[in-house]
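S.K.: Numbering (the working numbering), first residue to last: 4 to 331.
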Amino acid sequence: MSEHFDFVGIGDTVVDAFIRLEIGHVEQHTEGAEYCIPFGMKVPFKEVTVIPGVGNSANGVVSAVRLGLKAALITFLGNDANGLECINRLKKEGVNMDFATQEDGKKTNYHYVLWHGNERTILIKHEAFKAVLPDIGNPSWVYLSSLGEHAKGLQDELAVYLKSHPDIKLAFQPGTFQIKLGKDALKDIYSQAEVFCCNKEEAAEILGSQTTDVKELLLKLSELGPKIVLLSDGPHGAYMKSGENYYQMPLYPDIAPPLERTGAGDAFCSTFVSYLAKGFTPEEAITRAPINSMSVVQKIGAQEGLLSEEKIEEYLKNAPENYKLVTL
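Right, dumping it as structure tokens:
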């Protein structure tokens, strides 16, 4: 592989079908909210919006391209119409898809997003593809995110590859199945990560911890190996441990009420990593990442709202006085 990439994403790509529901009610519980609809009846819906070529890593590489980086995606798809549509859509975004493979006899991942108000629940199923690491050369950054249970071998391959290519920096934003695998099964990935990103609830699950103390969660995650740890915490914004320093970054104020929240975390993490790849410091990168998250929730799906660097800098220039990085 002679071509050099700034940013190579690795992860499953999916088609998201957003089903906008109007019937039902929300029940609040101490552990969260539940959306309740009755069994045994026909449930009307308002509309369906189908968006191909998405997923944590696909969203990440689109974010990187819009921020001016040269990006490619390693992903696994069915040899079907949905797979081809995903490839073509990402190519139109400027993502290099030479590392994408389509496997005969398999279906491209297709997820159903039950959307009510500005929140959603996603029904997921990851096909068991033959996941093999291609020759990626020596990219500046590898961005590893959601992969199905079938891909443990690929992640082991990646860990070995990174050890033999120490100039490559790894960003790790674990998906559902990677969290389920546990930190011990992926210890060589955690230990080599330059950046690790998840939300506060995922951090507690990864660590098997009951604590709600953010600094303790950041410290324990950093002890697994990552040099920079990012935790998102809903309305409280995001937290970062970089070196020995701890920070809090507030949300960027919504320019309008959020439409739906798919992809906000992907936008935050990939924007942060993209700015590091562009030569910014962690402190500079984290002031820009929430702006892309704010923009994404104004649109349906995880990619339409992703911004250019010019637009992010414009929002940053016009940020309110209290939009500042705080040292903890």
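Beta carbons are placed, not taken as given, at the ideal position from N, Cα and C, and that holds for glycine.
I'd like to know whether the C-beta atoms of V65 and Q301 end up nearer to each other than 7 Å.
M.R.: Residue 65 sits at position 62 when you count from the first residue of the sequence shown. Residue 301 sits at position 298 when you count from the first residue of the sequence shown. It is not a contact, given that the beta carbons lie outside the stated cut-off.
S.K.: So, is E25 buried or exposed, given that buried needs 16 or more other C-beta atoms within 10 angstroms?
M.R.: Along the sequence shown, one-based indexing puts residue 25 at 22. With fewer than 16 other Cβ atoms within 10 Å, it is exposed.
S.K.: Pull up the CB-CB distance for H153 and F132, whole angstroms please, since I reckon it's below 8 Å.
M.R.: Mapped onto the sequence shown, residue 153 falls at position 150. Mapped onto the sequence shown, residue 132 falls at position 129. At roughly 6 Å, the Cβ-Cβ gap stays under 8 Å, so H153 and F132 are in contact.
S.K.: Between the segment 90-104 and the segment 55-65, do three or more beta carbon pairs fall short of 8 Å?
M.R.: The segment 90-104, when compared against the segment 55-65, does touch it at the 8 Å Cβ threshold.
S.K.: Answer with buried or exposed for G63, where buried requires no fewer than 16 other C-beta atoms within 10 angstroms of its C-beta.
M.R.: Looking up residue 63 in the sequence shown gives position 60. With 16 or more Cβ atoms within 10 Å of its Cβ, G63 is classed as buried.
S.K.: What is the DSSP secondary structure of I258, counted as helix, strand or coil?
M.R.: Indexing the sequence shown from 1 puts residue 258 at position 255. In the structure shown, I258 sits in coil (DSSP, three-state: anything other than H, G, I, E or B).
S.K.: DSSP state of R2, grouped into three classes?
M.R.: Residue 2 cannot be examined here, being either before or after the span of the chain that is shown, 4 to 331.
S.K.: Does the Cβ of L275 have 16 or more other Cβ atoms within 10 Å, making it buried, or fewer, making it exposed?
M.R.: The residue given as residue 275 occupies position 272 in the sequence shown. According to the sequence displayed, residue 275 carries Phe and not Leu. Buried.
S.K.: Counting C-beta neighbours from all protein chains within 10 Å, is the total for N141 16 or more, i.e. buried, or is it exposed?
M.R.: Against the sequence shown, residue 141 aligns to sequence position 138. When all chains shown are included, N141 counts as exposed.
S.K.: F271 bridges to which residues according to DSSP?
M.R.: Taking the first residue of the sequence shown as 1, we reach residue 271 at position 268. Note: F271 sits in no beta bridge, so no partner.
S.K.: Assess contact between the segment 72-81 and the segment 102-114, defined as three or more Cβ pairs (one per stretch) separated by less than 8 Å. Is contact present?
M.R.: Yes, they touch.
S.K.: Applying the criterion that 16 or more other CB atoms from any shown protein chain within 10 Å of the CB defines a buried residue, is M243 buried or exposed?
M.R.: Position 240 of the sequence shown, counting from 1, holds the residue named residue 243. So M243 ends up on the buried side.
S.K.: Buried or exposed for F199, please, with buried defined as at least 16 other CB atoms from any protein chain shown within 10 angstroms of its CB.
M.R.: Along the sequence shown, read from residue 1 onward, the residue named residue 199 stands at position 196. Per the 10 Å Cβ criterion, buried.
S.K.: Can you give the Cα-Cα distance for Y278 and K190, rounded to whole angstroms?
M.R.: Within the sequence shown, residue 278 is the residue found at index 275, counting from 1. Within the sequence shown, residue 190 is the residue found at index 187, counting from 1. Their backbone Cα atoms lie some 26 Å apart in a straight line.
S.K.: Report, in whole angstroms, the separation of the C-beta atoms of A270 and V299, which I expect to be a contact under 8 Å.
M.R.: Within the sequence shown, residue 270 is the residue found at index 267, counting from 1. Within the sequence shown, residue 299 is the residue found at index 296, counting from 1. So it is a contact: roughly 4 Å between Cβ atoms.
S.K.: Buried or exposed for G237, please, with buried defined as at least 16 other CB atoms from any protein chain shown within 10 angstroms of its CB.
M.R.: If you number the sequence shown from 1, residue 237 lands on position 234. With fewer than 16 other Cβ atoms within 10 Å, it is exposed.
S.K.: Is the beta carbon of A188 less than 7 Å from the beta carbon of Y146?
M.R.: What you label residue 188 is simply residue 185 of the sequence shown in a count that begins at 1. What you label residue 146 is simply residue 143 of the sequence shown in a count that begins at 1. Going by C-beta atoms, A188 is not nearer than 7 Å to Y146.
S.K.: Using 8 Å as the threshold, is the segment 205-222 in touch with the segment 43-54, meaning 3 or more CB pairs across them?
M.R.: Cβ pair count under 8 Å is below three, so no.
S.K.: Within its chain, find whatever has a CB closer than 8 Å to the CB of N121; leave out the 5 residues flanking it on each side and keep chain order.
M.R.: In the sequence shown, the residue the question calls residue 121 occupies position 118. Around N121: P260, P261, L262, E263, R264 and V300.
S.K.: Residue range of the beta strand (DSSP E) that Y146 falls in?
M.R.: The count along the sequence shown starts at 1 and reaches residue 146 at position 143. Unbroken beta strand (DSSP E) run through Y146: W144 to L147.
S.K.: Specify the secondary structure class of F8 as computed by DSSP and reduced to three states.
M.R.: One-based indexing of the sequence shown puts residue 8 at position 5. DSSP places F8 in coil when its eight states are reduced to three.
S.K.: Just grab the DSSP bridge partners of G81 for me.
M.R.: Sequence index remark: in the sequence shown, residue 81 carries index 78 (1-based). Bridge partners of G81: E106.
S.K.: So the candidates are I125, V217 and L117; which of them puts its Cα closest to the Cα of Q251?
M.R.: To locate residue 251, count along the sequence shown from 1; it is residue 248. Checking every option, the nearest Cα to that of Q251 belongs to V217.
S.K.: Between V11 and A75, is the Cβ-Cβ spacing less than 7 Å?
M.R.: Taking the first residue of the sequence shown as 1, we reach residue 11 at position 8. Taking the first residue of the sequence shown as 1, we reach residue 75 at position 72. Yes, the pair counts as a contact, with Cβ atoms nearer than the cut-off.
S.K.: Need the endpoints of the beta strand (DSSP E) that R123 sits in, please.
M.R.: Residue mapping note: residue 123 aligns to position 120 of the sequence shown, counting from 1. Counting along the chain, the beta strand (DSSP E) containing R123 begins and ends at E122 to L126.
S.K.: Could you spell out the range, first to last residue, of the beta strand (DSSP E) harbouring Y2?
M.R.: Residue 2 is absent from the model: the chain starts at 4 and stops at 331.
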